[in-house]
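Trainee: Have a look at this one.
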Amino acid sequence: MSEGWIDSEKAEIRSATQTEVRLALVMNGGVSLAVWMGGVVHEIDLLRRASRGDTRESVAPSDQPVFDIWRRLTFEASKKVRVDVISGSSAGGLNALLLATGIGRGTRVDKLGTLWRKKASLSRLQVNKSRNSGDHEESFLSGDAFSETITEALEGIGNAGPSEEPVTLFLTATSIDGPPKKAQDGVGQQFEINDHRRLYRFENQPHGWRYERYEHCEESTWAFRQESSDDFSFGNNEALSLAGRATASFPGAFSPVNEQKMLQHRHPRGDYTASCVMDGGVLNNAPFEPVLDEIAKRRVHEMPVERVLVYIVPSAGQSDRRMPNQCACGKHSPFETIAEAMAHPREVDLRSSIEEVADKLKNTGRDAREEHFGRLVQNSCKKNIPGLRSFVRLDKDLGREQSAAQALLGAYRYSRVRAVIREIVEQLDPDLMMNLAAPRETETQAIDGILEDDSAKWFPSDRAEELSRPDLSNWRWGLVTAERALQTFIHHLLNILRPPDGVNPGLGPQKQEDIMQCAARINDGLRKVQAVSDALWYELKSRGTDGMGERRAAALLERVYEDRRNQSVMATHDLPADR
Numbered sequence: 018m019s020e021g022w023i024d025s026e027k028a029e030i031r032s033a034t035q036t037e038v039r040l041a042l043v044m045n046g047g048v049s050l051a052v053w054m055g056g057v058v059h060e061i062d063l064l065r066r067a068s069r070g071d072t073r074e075s076v077a078p079s080d081q082p083v084f085d086i087w088r089r090l091t092f093e094a095s096k097k098v099r100v101d102v103i104s105g106s107s108a109g110g111l112n113a114l115l116l117a118t119g120i121g122r123g124t125r126v127d128k129l130g131t132l133w134r135k136k137a138s139l140s141r142l143q144v145n146k147s148r149n150s151g152d153h154e155e156s157f158l159s160g161d162a163f164s165e166t167i168t169e170a171l172e173g174i175g176n177a178g179p180s181e182e183p184v185t186l187f188l189t190a191t192s193i194d195g196p197p198k199k200a201q202d203g204v205g206q207q208f209e210i211n212d213h214r215r216l217y218r219f220e221n222q223p224h225g226w227r228y229e230r231y232e233h234c235e236e237s238t239w240a241f242r243q244e245s246s247d248d249f250s251f252g253n254n255e256a257l258s259l260a261g262r263a264t265a266s267f268p269g270a271f272s273p274v275n276e277q278k279m280l281q282h283r284h285p286r287g288d289y290t291a292s293c294v295m296d297g298g299v300l301n302n303a304p305f306e307p308v309l310d311e312i313a314k315r316r317v318h319e320m321p322v323e324r325v326l327v328y329i330v331p332s333a334g335q336s337d338r339r340m341p342n343q344c345a346c347g348k349h350s351p352f353e354t355i356a357e358a359m360a361h362p363r364e365v366d367l368r369s370s371i372e373e374v375a376d377k378l379k380n381t382g383r384d385a386r387e388e389h390f391g392r393l394v395q396n397s398c399k400k401n402i403p404g405l406r407s408f409v410r411l412d413k414d415l416g417r418e419q420s421a422a423q424a425l426l427g428a429y430r431y432s433r434v435r436a437v438i439r440e441i442v443e444q445l446d447p448d449l450m451m452n453l454a455a456p457r458e459t460e461t462q463a464i465d466g467i468l469e470d471d472s473a474k475w476f477p478s479d480r481a482e483e484l485s486r487p488d489l490s491n492w493r494w495g496l497v498t499a500e501r502a503l504q505t506f507i508h509h510l511l512n513i514l515r516p517p518d519g520v521n522p523g524l525g526p527q528k529q530e531d532i533m534q535c536a537a538r539i540n541d542g543l544r545k546v547q548a549v550s551d552a553l554w555y556e557l558k559s560r561g562t563d564g565m566g567e568r569r570a571a572a573l574l575e576r577v578y579e580d581r582r583n584q585s586v587m588a589t590h591d592l593p594a595d596r
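The opening position of the sequence shown corresponds to residue 18 in this note's numbering, with each subsequent residue numbered one higher.
Now the structure itself:
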């Protein structure tokens, strides 16, 4: 099949109606699954490259028939597939590492099944260990040979230049040692527990923002700085290879590894002491949580987006419907019992992870906030149409909403201050890993005292005119409110561009381009909001101490706001008025 089957007219229509399908992959662990998962990863790589318009000559001749099928299907469906978040453990982590590296380097990922069969075979890993080897003398397989295999695979993934596709990779590991962390029970008694879970984060982000302090002429000021991250470059091969080696170091088969050279990729970032780590599948064989958190931070970029979470785990699709056996328990052999015990952890992974995803999905639909905003915009537009008789009723509706907002302003201010102060008080102890005590009730008297300070800049004043005419140069409604407002604006624009019932027939190419440009600018504002939020919490944690009360927390927050000289991320004065 040649490329000529897509003519220019069809391509132009497709570009105007195309939707981006973003895949977030969670790859299950399991030593015997390396080859199988390698085939799945290779197929996904063919799919994403076919959908974005790569030429068939860019793939191996044996892959071209499948590549043509993917290209035809994605063209007819008007879909562009992008893989932007990946996590994995053990064998799943190895394949996730190579796929993410190919995406981060803007190139293809060759057949991984062949790689694992030939280069990671037992015959190659069972080598004679020299005296200089880092392997324990009683390990069954050579970790050094395994590291060499991973390094060769990474070096075999070419580099087509800086990739414009953002991708984030999470790999798990399990530590053998490590410092204990504090915990507190329900009666305030402290005890210590060891945190053996390890998570490493690698990212390619060509367009990011950092909000940081600059020292100039003996004065400090805060400003945005655009920055990019490229953790998948050849220069970072050592850390990438070590992370792959760590997540797949099956206990007993391979020696544990020292995480010192990949500490900068520990997630979340912090001042850590290096530990010896082994297979990530021991404690976290299906790392869903970091993927779900990362998805929430992803922003609309170029076109309408559909999000798909893909859990890659082998399954026959049907459960074994065995009836409970109540009288033959003693007839199960030791081998059968051990086999069942080894199989059950995977069932726990699947059930707990799927339940977590289902819980998250409950809150992903179009919420009341977006529907209400859409109605307000629609009513405002109708009000300006000459001859429309319903404008009196619409004015009354808007008036009632304004009155209701004014009536709720006092309650909103109290709730906002209370929530922010409680979060600061609870999270500013860096050594406290877990608190099992019920949250301490916030003192009403203290909150009332904070609200009386009208000069405070981190919560809204009690002036009702700020509801309809907020001062964007001195934003006092909080970062969460700013983020939700910007998200609502973007979703509204995309609903105009792609209504639920299909393409908007009243939009010409220029109008579509204008809408997407506006959405892109608002999206940039969202990234800045996140950068400000990160900087704010960094400052609070660096200055805060354990045991602070409400008034000390409020004073700390006010000092940080004042020092940051917060500039508005909500301002839209650079957007054309007619857009």
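Even for Gly, the Cβ is constructed at its ideal location relative to N, Cα and C.
DSSP state of Thr264, grouped into three classes?
Mentor: For the purposes of this step, residue 264 is taken as residue 247 along the sequence shown, with counting starting at 1. Here Thr264 sits in helix by DSSP.
Trainee: Would you call the region 200 to 212 and the region 269 to 283 touching, i.e. three or more CB-CB distances under 8 Å?
Mentor: With a cut-off of 8 Å, the region 269 to 283 and the region 200 to 212 do not count as touching, because too few Cβ pairs lie within range.
Trainee: Name the two residues that bound the continuous alpha helix (DSSP H) containing Ala552.
Mentor: Taking the sequence shown and counting its residues from 1, the one referred to as residue 552 is at position 535. Ala552 -> alpha helix (DSSP H) spans 526 to 560.
Trainee: Taking the runs of the beta strand (DSSP E) that are 3 residues or longer, which of them lie wholly in the region 254 to 300?
Mentor: If we require 3 residues or more, the beta strand (DSSP E) runs fully inside the region 254 to 300 come out as 293 to 296.
Trainee: Give me whichever residues DSSP pairs with Ala117 in a beta bridge.
Mentor: On the sequence shown, residue 117 is found 100 positions in, with the first residue counted as 1. Per DSSP, none; premise fails for Ala117.
Trainee: May I ask you to report which of helix, strand or coil DSSP gives Val124?
Mentor: Walking along the sequence shown from the start, residue 124 turns up at place 107. Rather than Val, the amino acid found at residue 124 in this sequence is Thr. Note: Thr124 maps to coil in three-state DSSP.
Trainee: Which residue marks the beginning of the beta strand (DSSP E) containing Glu469, and which one marks its end?
Mentor: Position 452 of the sequence shown, counted from the start, is the residue given in the question as residue 469. From DSSP, Glu469 is part of no beta strand (DSSP E); its letter is neither H nor E.
Trainee: Counting only the same chain and skipping the five closest in sequence on each side, list residues whose C-beta sits under 8 Å from that of Tyr289.
Mentor: If you number the sequence shown from 1, residue 289 lands on position 272. Closer than 8 Å at the Cβ level, and outside the excluded window around Tyr289, lie Leu280, Arg283.
Trainee: Would you mind sorting Asn253 into buried or exposed? The rule is 16 or more other CB atoms within 10 Å of its CB.
Mentor: Position 236 of the sequence shown, counting from 1, holds the residue named residue 253. Its Cβ being crowded by 16 or more others within 10 Å, Asn253 is buried.
Trainee: Start and end of the alpha helix (DSSP H) containing Asp202?
Mentor: In the sequence shown, the residue the question calls residue 202 occupies position 185. Segment: none, Asp202 is in no alpha helix (DSSP H) and carries neither H nor E.
Trainee: Can you check which of these residues, Gly55, Met54, Arg66, is closest to Glu37 by C-alpha distance?
Mentor: Here residue 37 refers to the residue found at position 20 when the sequence shown is read from its first residue. Checking every option, the nearest Cα to that of Glu37 belongs to Arg66.
Trainee: Go through its chain and collect everything with a Cβ distance to Leu453's Cβ below 6 Å, but skip five positions before and after it.
Mentor: As a position in the sequence shown, residue 453 is number 436, starting the count at 1. Here the set comprises Asp202, Gly203.
Trainee: Would Glu579 be called buried (16 or more neighbouring beta carbons within 10 Å of its own) or exposed?
Mentor: If you number the sequence shown from 1, residue 579 lands on position 562. Exposed, since its Cβ has fewer than 16 Cβ neighbours within 10 Å.
Trainee: Taking buried to mean at least 16 other C-beta atoms within 10 Å of its own C-beta, is Asn301 buried or exposed?
Mentor: In the sequence shown, residue 301 corresponds to position 284, counting from 1. It counts as buried.
Trainee: Give the straight-line distance between the Cα atoms of Gln277 and Thr264, rounded to the nearest whole angstrom.
Mentor: In the sequence shown, counting from the first residue as 1, residue 277 sits at position 260. In the sequence shown, counting from the first residue as 1, residue 264 sits at position 247. Roughly 15 Å separates the two Cα atoms.
Trainee: So, at 8 Å on beta carbons, what are the nonlocal neighbours of Gly495 in its own chain, with the 5 sequence-adjacent residues on each side left out?
Mentor: One-based indexing of the sequence shown puts residue 495 at position 478. Cβ within range, chain order: Arg433, Val437, Trp475, Phe476.
Trainee: Quick one: what's got a C-beta closer than 8 Å to Glu244's C-beta in the same chain, skipping five residues either side?
Mentor: As a working note, residue 244 is residue 227 in the sequence shown. Within the same chain, Glu244 has close Cβ partners Gly225, Trp226, Arg227.
Trainee: Excluding the five sequence neighbours on either side, which residues of its own chain have a C-beta within less than 7 Å of the C-beta of Pro285, listed in chain order?
Mentor: As a position in the sequence shown, residue 285 is number 268, starting the count at 1. For Pro285, where only same-chain residues beyond five positions count, there are no Cβ hits under 7 Å.
Trainee: Could you spell out the range, first to last residue, of the alpha helix (DSSP H) harbouring Gln65?
Mentor: Numbered from 1 along the sequence shown, position 48 holds the residue referred to as residue 65. In the sequence as displayed, the identity of residue 65 is Arg instead of Gln. Segment 51 to 68, the alpha helix (DSSP H) holding Arg65.
Trainee: Can you list, in chain order, the residues of its chain with a C-beta nearer than 8 Å to that of Ser106? Leave out the 5 residues immediately preceding and following it.
Mentor: Along the sequence shown, read from residue 1 onward, the residue named residue 106 stands at position 89. Met44, Asn45, Gly46, Leu188, Thr189, Thr264, Asp296, Gly297, Gly298, Asn301, Asn302, Ala303, Pro304.
Trainee: At a cut of 8 Å, does the region 210 to 218 reach the region 63 to 81 through at least three beta carbon pairs?
Mentor: The answer is no - the region 63 to 81 does not touch the region 210 to 218, with fewer than three Cβ pairs under 8 Å.
Trainee: What residues match up with Val327 in a beta bridge as DSSP calls it?
Mentor: As a position in the sequence shown, residue 327 is number 310, starting the count at 1. DSSP output for Val327 lists Leu42 as bridge partner(s).
Trainee: Roughly how far, in whole angstroms, is the beta-carbon of Leu50 from the beta-carbon of Pro273, given that I think they are within contact range, below 8 Å?
Mentor: As a working mapping, residue 50 is identified with position 33 in the sequence shown. As a working mapping, residue 273 is identified with position 256 in the sequence shown. Not a contact, Cβ separation roughly 22 Å.
Trainee: Decide if Lys314 is buried, meaning its Cβ has at least 16 other Cβ atoms within 10 Å, or exposed.
Mentor: Position 297 of the sequence shown, counted from the first residue, corresponds to residue 314. The residue is exposed, with fewer than 16 neighbouring Cβ atoms inside 10 Å.
Trainee: Measure the beta-carbon distance from Arg218 to Thr185 and round it to whole angstroms, keeping in mind my assumption that it falls under 8 Å.
Mentor: For this step, residue 218 is matched to residue 201 along the sequence shown. For this step, residue 185 is matched to residue 168 along the sequence shown. About 7 Å separates the two Cβ atoms, so the contact holds.
Trainee: Note the first and the last residue of the continuous alpha helix (DSSP H) segment covering Gly249.
Mentor: The sequence position of residue 249 within the sequence shown is 232, counting from 1. The sequence as given places Phe at residue 249; Gly does not occur at that position. Run containing Phe249: none; DSSP gives neither H nor E here.
Trainee: Below 6 Å CB to CB, which residues in the same chain sit around Glu556 once its five sequence neighbours on both sides are set aside?
Mentor: Locating residue 556 in the sequence shown gives position 539, where the first residue counts as 1. Only Val577 meet the Cβ criterion.
Trainee: Determine, using beta carbons only, whether Leu294 and Ser104 come nearer to each other than 8 Å.
Mentor: Along the sequence shown, read from residue 1 onward, the residue named residue 294 stands at position 277. Along the sequence shown, read from residue 1 onward, the residue named residue 104 stands at position 87. It should be noted that the sequence gives Val, not Leu, for residue 294. No, these two residues do not count as a Cβ contact at 8 Å.
Trainee: Shortest alpha-carbon distance to Glu169 belongs to which of Thr238, Val100, Glu255, Pro196?
Mentor: Taking the sequence shown and counting its residues from 1, one reaches residue 169 at position 152. Ranking the options by Cα distance to Glu169, first place goes to Glu255.
Trainee: Identify the residues that DSSP records as bridge partners of Asn176: which are they?
Mentor: Reading the sequence shown from its first residue, position 159 is the one you call residue 176. DSSP, once it has assigned bridges, lists no residue as partnering Asn176.
Trainee: Determine the direct distance from the alpha carbon of Phe241 to that of Gly542, and round the result to whole angstroms.
Mentor: By 1-based counting over the sequence shown, the position of residue 542 is 525. By 1-based counting over the sequence shown, the position of residue 241 is 224. Each residue's alpha carbon lies about 11 Å from the other.
Trainee: Hey, Leu114 and Val325: beta-carbon distance below 8 Å or not?
Mentor: On the sequence shown, position 97 is the one that residue 114 refers to. On the sequence shown, position 308 is the one that residue 325 refers to. The answer is no: Cβ separation not under 8 Å.
Trainee: Measuring CB to CB, does Glu311 end up less than 8 Å from Val102?
Mentor: In the sequence shown, the residue the question calls residue 311 occupies position 294. In the sequence shown, the residue the question calls residue 102 occupies position 85. Yes, Cβ-Cβ distance for Glu311 and Val102 is below 8 Å.
Trainee: Quick one: is Phe251 buried, meaning 16 or more other Cβ sit within 10 Å of its Cβ, or exposed?
Mentor: On the sequence shown, residue 251 is found 234 positions in, with the first residue counted as 1. So Phe251 counts as exposed.
Trainee: Taking 8 Å as the threshold (C-beta atoms), are Ile532 and Ile507 in contact?
Mentor: For the purposes of this step, residue 507 is identified with residue 490 of the sequence shown, where counting begins at 1. For the purposes of this step, residue 532 is identified with residue 515 of the sequence shown, where counting begins at 1. It is not a contact, given that the beta carbons lie outside the stated cut-off.
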